[in-house]
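Asks:
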(Lines of atoms letter the chains of each structure in order from A; the text may use other names.)
(Lines give C-alpha, C1' and ligand atoms only; values in the text may rest on other atoms or scores of the structure.)
Protein backbone atom coordinates (compact mmCIF):
# COMPACT_ATOMS: atom_id res chain seq x y z
CA UNK A 1 0.00 0.00 0.00
CA UNK A 2 1.34 3.42 -1.01
CA UNK A 3 0.33 6.11 1.49
CA UNK A 4 0.76 9.81 0.84
CA UNK A 5 -0.09 12.64 3.27
CA UNK A 6 1.94 15.75 2.49
CA UNK A 7 1.90 19.53 2.38
CA UNK A 8 4.04 21.74 0.15
CA UNK A 9 3.80 25.50 -0.26
CA UNK A 10 3.83 26.40 -3.95
CA UNK A 11 3.68 29.72 -5.78
CA UNK A 12 -0.11 29.84 -6.20
CA UNK A 13 -1.39 27.55 -3.45
CA UNK A 14 -0.37 25.02 -0.83
CA UNK A 15 -0.46 21.37 -1.86
CA UNK A 16 -2.30 19.52 0.90
CA UNK A 17 -3.22 15.98 -0.09
CA UNK A 18 -3.85 12.60 1.49
CA UNK A 19 -4.51 9.32 -0.29
CA UNK A 20 -3.53 5.68 -0.39
CA UNK A 21 -3.45 3.13 -3.19
CA UNK A 22 -2.86 -0.62 -3.09
CA UNK A 23 -1.76 -2.63 -6.13
CA UNK A 24 -4.08 -0.74 -8.45
CA UNK A 25 -3.98 2.12 -10.95
CA UNK A 26 -4.81 5.45 -9.31
CA UNK A 27 -5.61 8.24 -11.78
CA UNK A 28 -4.99 11.85 -10.74
CA UNK A 29 -7.41 14.18 -12.51
CA UNK A 30 -7.93 17.93 -12.53
CA UNK A 31 -7.08 21.11 -14.43
CA UNK A 32 -3.54 22.07 -15.38
CA UNK A 33 -1.67 23.47 -12.41
CA UNK A 34 -3.74 21.57 -9.84
CA UNK A 35 -0.66 19.88 -8.35
CA UNK A 36 -0.86 16.46 -10.00
CA UNK A 37 2.72 16.38 -11.31
CA UNK A 38 3.94 17.83 -8.01
CA UNK A 39 2.53 14.76 -6.27
CA UNK A 40 4.41 12.44 -8.64
CA UNK A 41 7.63 14.37 -8.08
CA UNK A 42 7.19 14.13 -4.31
CA UNK A 43 6.66 10.35 -4.46
CA UNK A 44 9.71 9.98 -6.72
CA UNK A 45 11.87 12.04 -4.37
CA UNK A 46 12.43 14.81 -6.93
CA UNK A 47 10.69 17.31 -4.66
CA UNK A 48 10.77 17.49 -0.87
CA UNK A 49 7.43 18.23 0.86
CA UNK A 50 7.36 20.74 3.70
CA UNK A 51 5.67 18.27 6.00
CA UNK A 52 3.95 14.92 6.10
CA UNK A 53 4.71 11.32 5.25
CA UNK A 54 5.15 9.14 2.16
CA UNK A 55 5.36 5.40 2.78
CA UNK A 56 5.11 2.16 0.84
CA UNK A 57 4.19 -0.77 3.03
CA UNK A 58 6.40 -0.58 6.11
CA UNK A 59 9.04 1.47 4.29
CA UNK A 60 9.12 5.20 5.00
CA UNK A 61 10.23 7.24 1.98
CA UNK A 62 9.67 10.65 3.56
CA UNK A 63 8.76 11.77 7.05
CA UNK A 64 9.08 15.36 8.23
CA UNK A 65 8.57 14.37 11.87
CA UNK A 66 11.30 11.70 11.71
CA UNK A 67 13.49 13.93 9.50
CA UNK A 68 13.71 11.12 6.97
CA UNK A 69 14.13 11.59 3.22
CA UNK A 70 15.10 8.61 1.06
CA UNK A 71 16.92 9.87 -2.09
CA UNK A 72 15.34 9.09 -5.48
CA UNK A 73 17.88 6.45 -6.48
CA UNK A 74 17.05 4.36 -3.39
CA UNK A 75 13.25 4.56 -3.54
CA UNK A 76 12.60 1.79 -6.10
CA UNK A 77 10.21 4.14 -7.87
CA UNK A 78 10.15 4.43 -11.67
CA UNK A 79 8.84 7.53 -13.44
CA UNK A 80 7.54 7.58 -17.03
CA UNK A 81 7.39 10.97 -18.72
CA UNK A 82 5.32 12.25 -21.63
CA UNK A 83 8.47 12.94 -23.67
CA UNK A 84 9.86 9.38 -23.26
CA UNK A 85 13.22 10.55 -21.76
CA UNK A 86 15.20 8.05 -23.84
CA UNK A 87 18.78 8.46 -25.09
CA UNK A 88 18.78 8.87 -28.90
CA UNK A 89 22.50 8.01 -29.22
CA UNK A 90 21.93 4.58 -27.64
CA UNK A 91 20.19 1.52 -29.04
CA UNK A 92 17.08 0.04 -27.48
CA UNK A 93 18.93 -2.61 -25.49
CA UNK A 94 21.28 -0.05 -23.92
CA UNK A 95 18.38 2.25 -23.07
CA UNK A 96 16.49 -0.53 -21.31
CA UNK A 97 19.57 -1.61 -19.34
CA UNK A 98 20.50 1.96 -18.43
CA UNK A 99 20.53 2.39 -14.66
CA UNK A 100 20.73 -1.34 -13.86
CA UNK A 101 23.60 -1.38 -11.42
CA UNK A 102 24.77 -4.97 -11.79
CA UNK A 103 24.35 -7.64 -14.44
CA UNK A 104 23.01 -10.94 -13.16
CA UNK A 105 21.11 -13.90 -14.56
CA UNK A 106 17.74 -12.83 -13.15
CA UNK A 107 18.14 -9.37 -14.69
CA UNK A 108 18.83 -10.88 -18.09
CA UNK A 109 15.74 -13.08 -17.75
CA UNK A 110 13.69 -10.00 -16.85
CA UNK A 111 15.06 -8.16 -19.88
CA UNK A 112 14.08 -11.01 -22.21
CA UNK A 113 10.65 -11.23 -20.56
CA UNK A 114 10.03 -7.49 -21.02
CA UNK A 115 11.00 -7.62 -24.69
CA UNK A 116 8.48 -10.41 -25.20
CA UNK A 117 5.72 -8.84 -23.08
CA UNK A 118 5.96 -5.53 -24.90
CA UNK A 119 6.52 -7.05 -28.37
CA UNK A 120 9.81 -5.24 -28.96
CA UNK A 121 12.23 -8.15 -29.45
CA UNK A 122 12.84 -7.06 -33.05
CA UNK A 123 13.79 -3.53 -31.95
CA UNK A 124 16.67 -4.37 -29.57
CA UNK A 125 19.46 -3.25 -31.93
CA UNK A 126 17.72 -0.17 -33.30
CA UNK A 127 18.52 3.38 -32.27
CA UNK A 128 15.80 5.47 -30.63
CA UNK A 129 15.56 8.00 -33.48
CA UNK A 130 14.49 5.15 -35.79
CA UNK A 131 11.43 4.23 -33.70
CA UNK A 132 7.81 5.36 -33.89
CA UNK A 133 6.16 7.11 -30.95
CA UNK A 134 4.45 3.92 -29.82
CA UNK A 135 7.68 1.93 -30.06
CA UNK A 136 9.51 4.58 -28.02
CA UNK A 137 6.88 4.43 -25.29
CA UNK A 138 7.12 0.63 -25.14
CA UNK A 139 10.88 0.96 -24.72
CA UNK A 140 10.35 3.59 -22.01
CA UNK A 141 7.98 1.24 -20.18
CA UNK A 142 10.47 -1.64 -20.48
CA UNK A 143 13.22 0.56 -19.02
CA UNK A 144 10.95 1.65 -16.15
CA UNK A 145 10.14 -1.98 -15.29
CA UNK A 146 13.74 -3.14 -15.77
CA UNK A 147 14.53 -1.24 -12.57
CA UNK A 148 12.14 -3.65 -10.77
CA UNK A 149 10.21 -0.77 -9.18
CA UNK A 150 7.82 -1.09 -6.27
CA UNK A 151 5.84 1.92 -7.58
CA UNK A 152 5.37 3.20 -11.14
CA UNK A 153 4.53 6.87 -11.81
CA UNK A 154 3.16 7.91 -15.21
CA UNK A 155 2.86 11.59 -16.17
CA UNK A 156 0.63 11.78 -19.26
CA UNK A 157 2.72 9.03 -20.88
CA UNK A 158 0.45 8.53 -23.90
CA UNK A 159 -0.60 12.11 -24.69
CA UNK A 160 1.86 12.56 -27.58
CA UNK A 161 0.66 9.44 -29.42
CA UNK A 162 -1.99 9.01 -32.11
CA UNK A 163 -5.37 7.62 -31.03
CA UNK A 164 -4.87 4.07 -32.31
CA UNK A 165 -1.48 3.74 -30.62
CA UNK A 166 -2.88 5.22 -27.40
CA UNK A 167 -5.64 2.61 -27.28
CA UNK A 168 -3.14 -0.18 -27.90
CA UNK A 169 -0.79 1.04 -25.16
CA UNK A 170 -3.65 1.56 -22.70
CA UNK A 171 -4.32 -2.15 -23.00
CA UNK A 172 -0.59 -2.88 -22.54
CA UNK A 173 -0.40 -0.75 -19.39
CA UNK A 174 -3.47 -2.39 -17.88
CA UNK A 175 -2.11 -5.85 -18.66
CA UNK A 176 1.37 -5.06 -17.30
CA UNK A 177 -0.06 -3.66 -14.07
CA UNK A 178 -2.06 -6.83 -13.59
CA UNK A 179 1.10 -8.89 -14.00
CA UNK A 180 3.39 -6.72 -11.87
CA UNK A 181 0.87 -6.05 -9.08
CA UNK A 182 2.39 -2.78 -7.88
CA UNK A 183 0.80 0.66 -7.43
CA UNK A 184 0.59 2.75 -10.62
CA UNK A 185 -0.11 6.47 -10.18
CA UNK A 186 -1.17 8.05 -13.48
CA UNK A 187 -1.75 11.67 -14.51
CA UNK A 188 -3.91 12.23 -17.59
CA UNK A 189 -6.23 14.90 -18.98
CA UNK A 190 -7.97 12.39 -21.26
CA UNK A 191 -11.29 11.27 -19.77
CA UNK A 192 -11.61 8.14 -21.89
CA UNK A 193 -8.05 7.14 -20.99
CA UNK A 194 -8.74 7.72 -17.30
CA UNK A 195 -11.81 5.51 -17.48
CA UNK A 196 -9.99 2.82 -19.47
CA UNK A 197 -7.01 2.62 -17.11
CA UNK A 198 -8.18 3.71 -13.68
CA UNK A 199 -9.18 1.48 -10.79
CA UNK A 200 -9.39 4.51 -8.50
CA UNK A 201 -9.68 8.26 -9.13
CA UNK A 202 -8.52 11.35 -7.24
CA UNK A 203 -9.98 14.64 -8.46
CA UNK A 204 -7.83 17.67 -7.64
CA UNK A 205 -8.10 21.43 -7.69
CA UNK A 206 -5.55 23.93 -6.35
CA UNK A 207 -3.52 21.28 -4.56
CA UNK A 208 -6.36 19.58 -2.73
CA UNK A 209 -8.85 16.84 -3.33
CA UNK A 210 -11.86 18.46 -4.97
CA UNK A 211 -14.73 18.92 -2.50
CA UNK A 212 -17.35 18.96 -5.26
CA UNK A 213 -17.12 16.91 -8.42
CA UNK A 214 -17.44 19.05 -11.57
CA UNK A 215 -20.01 17.83 -14.09
CA UNK A 216 -17.35 16.35 -16.38
CA UNK A 217 -16.16 14.18 -13.54
CA UNK A 218 -19.67 12.77 -13.08
CA UNK A 219 -19.72 12.05 -16.81
CA UNK A 220 -16.34 10.32 -16.57
CA UNK A 221 -17.47 7.97 -13.85
CA UNK A 222 -20.68 7.14 -15.72
CA UNK A 223 -19.19 6.58 -19.18
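In the UniProt record's numbering, the protein residues as written are 1 to 223.
Beta carbons: idealized from backbone N, C-alpha and C, even for Gly.
Please list, in chain order, all residues of the same chain as residue 4 whose beta carbon is under 6 Å from its beta carbon, the five residues on each side excluded.
Replies: Walking along the chain shown from the start, residue 4 turns up at place 4. Here the set comprises 19 and 54.
Asks: What do you get for residue 52, buried or exposed, if any count of 16 or more other CB atoms within 10 angstroms of its CB means buried?
Replies: What you label residue 52 is simply residue 52 of the chain shown in a count that begins at 1. Residue 52 should be labelled buried.
Asks: In this structure, does DSSP put residue 178 in helix, strand or coil?
Replies: Within the chain shown, the letter at position 178 stands for residue 178. It is helical.
Asks: Alpha carbon to alpha carbon, how far is residue 196 from residue 188? Give it in angstroms, no decimals.
Replies: Residue mapping note: residue 188 aligns to position 188 of the chain shown, counting from 1. Residue mapping note: residue 196 aligns to position 196 of the chain shown, counting from 1. For residue 188 and residue 196, the distance between alpha carbons rounds to 11 Å.
Asks: Go ahead and pull the three-state DSSP assignment for residue 2.
Replies: In the chain shown, counting from the first residue as 1, residue 2 sits at position 2. Correct three-state label for residue 2: strand.
Asks: From residue 115 to residue 31, what does the alpha carbon distance come to, in whole angstroms?
Replies: Position 115 of the chain shown, counting from 1, holds the residue named residue 115. Position 31 of the chain shown, counting from 1, holds the residue named residue 31. Rounded to the nearest angstrom, the two C-alpha atoms are 35 Å apart.
Asks: Helix or strand or just coil, what does DSSP make of residue 63?
Replies: Here residue 63 is taken as the residue at index 63 of the chain shown, counted from 1. Looking at residue 63 - three-state DSSP - the assignment turns out to be strand.
Asks: In chain order, what residues of the same chain lie with their CB nearer than 7 Å to the CB of residue 57, ignoring the 5 residues before and after it?
Replies: Here the question's residue 57 lines up with position 57 in the chain shown. The residues are 1.
Asks: Since residue 137 contacts residue 153 with CB under 8 Å, what's their CB separation in whole angstroms?
Replies: Translated into the one-based positions of the chain shown, residue 137 becomes position 137. Translated into the one-based positions of the chain shown, residue 153 becomes position 153. About 15 Å; that fails the 8 Å criterion.
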